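Convert by adding 32 to the 1-based position in the sequence shown; the result is the number in this note's numbering.
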Amino acid sequence: MKKIIIGNWKMNPENLILARKIFSEIKKLSKKFPKIDIVVCPPFVYLSDLKNKIDKVSSLKLGAQDVFWDNPETGSRPFTGEISASMLRDAGVKYVILGHSERRSMGETNEEVNKKIKIALGAGLTPIICIGEKEHDIDGKFFETLKIQIKDTLNKIKKSDLQKIIIAYEPIWAIGKNESESMKGEDLYQMAIFIRKILSEMFGQVEAFKTPIVYGGSVSPFNVKDIISEGHVSGILAGRSSLESQKIAEILDILSII
Ligand code: PGA
């Protein structure tokens, strides 16, 4: 499977000039590493502008950090502040992060994420579905949490659509921490096996093995080798590191040789 780096810029950077600067630096890197897919997910307001910097054939793509689940058939769309999938597509977006823990902490439910996945797929966007437990408790209750998140968010998703989805496993306890506190590769491997097992139960083994799983939570050049080679995942979802092109360059260097 092709390796992928997804950068979640969250509510950064502070202005468009800075966003253009970081994006241009990442674009240069994408030319040096064409075999690795790079998806940059900036705030909505920067998307249309950054779209102009993307060549059609590039391995660099734009992603959004959310989408609304409105049905385009509903007419006047009375949803103040929301952004639709067709608007994102028009702004050059190919991927969309859904169900990030920071949105779930503001009340987003598995059912809403499920509706958003369907809307995104319908618009030809690739959903990056975030799942993850608050605590990696010793009794293993987190397995049940993840199982429910996978089953409910992927409820009634067509088998043929599973290949168009990326699962981002982001244990909440590992997000926004020091790089040494990310999940260890060997533990991640166990989680990746568990996620594939649930996907296999729902969609069959063949489809489950075609679905990319990426890891997120304090990824940096310091831990990325362990995460990818011991965790056996297809890539990473990085927050803070994705705003520093030097760190992305180092991560790409490492990914290109493992
Ligand atoms: P972090 O964020 O890499 O800064 O921990 C990851 C995320 O929340 O997606």
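Ideal Cβ placement from N, Cα and C applies to all residues, glycine included.
Fair warning: this is a prediction, and the values are worked out from it, not measured in the lab.
- According to DSSP, residues forming a beta bridge with A270: G39
- Message: According to DSSP, is T177 part of a helix, a strand, or is it coil?
- Response: helix
- Task: Please report the Cβ distance between R121 and A155, rounded to the nearest whole angstrom; I am assuming they are in contact, meaning their Cβ atoms lie under 8 Å.
- Result: 5 Å
- Message: Between which residues of its own chain and K255 is the CB-CB distance below 7 Å, once the five residues before and five after are set aside?
- Response: Per the sequence presented here, residue 255 reads as Asn, with Lys not at that position. Taken in chain order, the residues that qualify are E211 and S214.
- Query: Which residue from P74, S192, V99 and F111 puts its Cα closest to that of K31?
  - Reply: No answer is possible for residue 31: it lies beyond the span of the chain, which begins at 33 and ends at 290.
- Message: Quick check on DSSP: helix, strand or coil for I290?
- Response: coil
- Query: To which residues of the same chain is V246 closer than 8 Å at the C-beta, ignoring the five residues directly before and after it?
  - Reply: I36, I38, I160, I198, I199, A200, Y201, V265, S266, G267, I268 and L269
- Item | Identity of the residues DSSP links to K93 by a beta bridge | V71
- Within 10 angstroms of the Cβ of D69, are there 16 or more other Cβ atoms? Answer buried if so, exposed if not. buried
- Task: Give a yes or no on whether the C-beta atoms belonging to I204 and G263 are separated by under 7 Å.
- Result: no
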